[in-house]
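S.K.: I'd like to ask some things about the structure below.
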Amino acid sequence: MTEQQKIFDLVNRRALFVANHSGGKDSQAMFIKLSAIVPEDQLIVIHAVLPEVEWDGVIEHIENTVGETPIIFAHAIKTFFEMVEHRGMFPSPAQRQCTSDLKRGPIEREVRRYLKAHRRFDGLIVNCMGMRAEESSDRAKLQTLKINNRNSVAGREWYDWLPIHNWLEDEVYGMISQAGQKPHWAYAAGMSRLSCCFCIMASKADFTKAAELQPDLYRRYVETERRLNFTLSPSMKFLPEITGISA
Ligand code: SF4
Numbered sequence: 007m008t009e010q011q012k013i014f015d016l017v018n019r020r021a022l023f024v025a026n027h028s029g030g031k032d033s034q035a036m037f038i039k040l041s042a043i044v045p046e047d048q049l050i051v052i053h054a055v056l057p058e059v060e061w062d063g064v065i066e067h068i069e070n071t072v073g074e075t076p077i078i079f080a081h082a083i084k085t086f087f088e089m090v091e092h093r094g095m096f097p098s099p100a101q102r103q104c105t106s107d108l109k110r111g112p113i114e115r116e117v118r119r120y121l122k123a124h125r126r127f128d129g130l131i132v133n134c135m136g137m138r139a140e141e142s143s144d145r146a147k148l149q150t151l152k153i154n155n156r157n158s159v160a161g162r163e164w165y166d167w168l169p170i171h172n173w174l175e176d177e178v179y180g181m182i183s184q185a186g187q188k189p190h191w192a193y194a195a196g197m198s199r200l201s202c203c204f205c206i207m208a209s210k211a212d213f214t215k216a217a218e219l220q221p222d223l224y225r226r227y228v229e230t231e232r233r234l235n236f237t238l239s240p241s242m243k244f245l246p247e248i249t250g251i252s253a
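Note that the numbering used here has the sequence shown beginning at 7, numbered continuously upward.
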């Protein structure tokens, strides 16, 4: 069976499709694709809320671009800064504790709750994420559809699917524009990626642009770096060295 056939089979089996939505362009384009192939009553959106560190207007942007599709907001126990203060360091790209504690964990918990409350899906779920091969060599190696054994317990049959894995950036923007939508405002302001304003994996250009757009939040990151003597960036350079913007 091809991947497409497997997906249609899961649609026909009345699986719940969950669109993980960061508010970014890839999530937005992925949702548009999903809404074209998944019946309305089998599709929900889930967003991991990142208080203080995500871009203004992310929640409104998601609400304004998914129509009537139900949205679940997943909240972590700790905020990003509480996690950093607790550990005395910023997360590293290798460990990505921020992703697991602030996004994946709370999202999976909410999906499990939703399935429990909506027995009609019989525990069958397709968890959809907008990662693309073009973004990095690590992402290029990801399997696009696979059973998630860790979550396929307690009567659940859980698949992870990357519906736009082979799309190029132009196709992502093209899909958004064809749908008569616009990406979140931060892209037009010069950011290349969304989610946390200051991501541990951001480029110099994105760090610099985010520092210009979010000066108060930038100062907070710089102050935290100084106090912990630990850099946000894995390059081991403090933010002002990267951006050339003092704080
Ligand atoms: S956007 Fe970056 S900093 Fe924020 S949770 Fe994801 S990996 Fe961590």
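By construction, the Cβ of each residue, glycine as well, lies at the ideal position given by its N, Cα and C atoms.
Would you mind reading off the limits of the alpha helix (DSSP H) that contains residue 81?
M.R.: First-last for residue 81: 77 to 81, but that is the beta strand (DSSP E), not the alpha helix (DSSP H).
S.K.: Residues in its own chain within less than 6 Å of residue 225 by CB, not counting five upstream and five downstream?
M.R.: If we look at residue 225 and ignore the five residues flanking it on each side, its Cβ neighbours are 253.
S.K.: Let me make sure I understand the geometry here. Which of 74, 64, 38 has the alpha-carbon closest to that of residue 47?
M.R.: When each option's Cα is compared against that of residue 47, the closest is 74.
S.K.: Should residue 112 and residue 80 be called a contact, given that it needs their Cβ atoms to be closer than 8 Å?
M.R.: Yes. Within cutoff.
S.K.: From residue 201 to residue 28, what distance separates their C-alpha atoms?
M.R.: Each residue's Cα considered, the two are about 6 Å apart.
S.K.: Please check the pair residue 60 and residue 203, which I expect to be a contact at CB under 8 Å, by giving their CB distance rounded to whole angstroms.
M.R.: That belief holds up - the Cβ atoms of residue 60 and residue 203 are roughly 7 Å apart, short of 8 Å.
S.K.: Output the distance between the C-alpha atoms of residue 52 and residue 213, rounded to the nearest integer angstrom.
M.R.: Approximately 27 Å, taken between the alpha carbons.
S.K.: For residue 60, does the three-state DSSP call read helix, strand or coil?
M.R.: Here residue 60 sits in strand by DSSP.
S.K.: Can we count residue 2 as close to the ligand SF4, meaning its CB is less than 7 Å from some heavy atom?
M.R.: Residue 2 falls outside the range modelled here, since the chain spans only 7 to 253, and no answer is possible.
S.K.: Roughly how many whole angstroms lie between the Cα atoms of residue 132 and residue 15?
M.R.: If you take the alpha carbons of residue 132 and residue 15, they lie about 11 Å apart.
S.K.: Report the three-state DSSP secondary structure of residue 213 (helix, strand or coil).
M.R.: Three-state DSSP puts residue 213 in a helix.
S.K.: Find out if the Cβ-Cβ distance for the pair residue 238, residue 231 is shorter than 8 Å.
M.R.: Cβ atoms of residue 238 and residue 231: closer than 8 Å.
S.K.: For the 8 Å Cβ check, are there 3 or more pairs between the stretch 29 to 37 and the stretch 170 to 186?
M.R.: A contact exists between the stretch 29 to 37 and the stretch 170 to 186.
S.K.: Looking at C-beta atoms only, is the number of pairs between the stretch 123 to 142 and the stretch 97 to 111 that lie closer than 8 Å three or more?
M.R.: No, because fewer than three Cβ pairs between the stretch 123 to 142 and the stretch 97 to 111 fall closer than 8 Å, the two stretches do not touch.
S.K.: With distances taken Cα to Cα, identify the nearest neighbour of residue 255 among 129, 82, 240, 177.
M.R.: Because the chain in this structure spans residues 7 to 253, residue 255 falls outside the shown range and cannot be described.
S.K.: Considering Cα atoms alone, identify which of 32, 43, 25, 72 is closest to residue 18.
M.R.: Nearest option by C-alpha distance: 43.
S.K.: Who are the near neighbours of residue 217 in its chain, counting only those whose CB is closer than 6 Å to its CB and skipping five residues on each side?
M.R.: Excluding residues within five positions, the ones whose Cβ falls inside 6 Å are 224, 249, 251.
S.K.: How should residue 94 be labelled, buried or exposed, when 16 other C-beta atoms within 10 angstroms of its C-beta is the threshold for buried?
M.R.: Exposed, by the Cβ-count rule.
S.K.: As a quick exercise: from 176, 127, 103, pick the residue whose alpha carbon is nearest that of residue 84.
M.R.: If we check each option's Cα against that of residue 84, 103 comes out closest.
S.K.: Around the C-beta of residue 7, are 16 or more other C-beta atoms found within 10 angstroms, so that it is buried, or is it exposed?
M.R.: Exposed: under 16 other Cβ atoms inside 10 Å.
S.K.: If you run the structure through DSSP and keep just helix, strand and coil, what is residue 170?
M.R.: It is coil, neither helix nor strand.
S.K.: Take residue 177 as the anchor and find which of 211, 227, 136 has the nearest alpha-carbon.
M.R.: Among 211, 227, 136, the Cα nearest to that of residue 177 is on 136.
S.K.: Looking at the unbroken beta strand (DSSP E) that takes in residue 23, where does it start and where does it end?
M.R.: That run of the beta strand (DSSP E) goes 22 to 26.
S.K.: What's the gap between the Cα of residue 190 and the Cα of residue 121?
M.R.: Looking at the two C-alpha atoms, the distance is approximately 30 Å.
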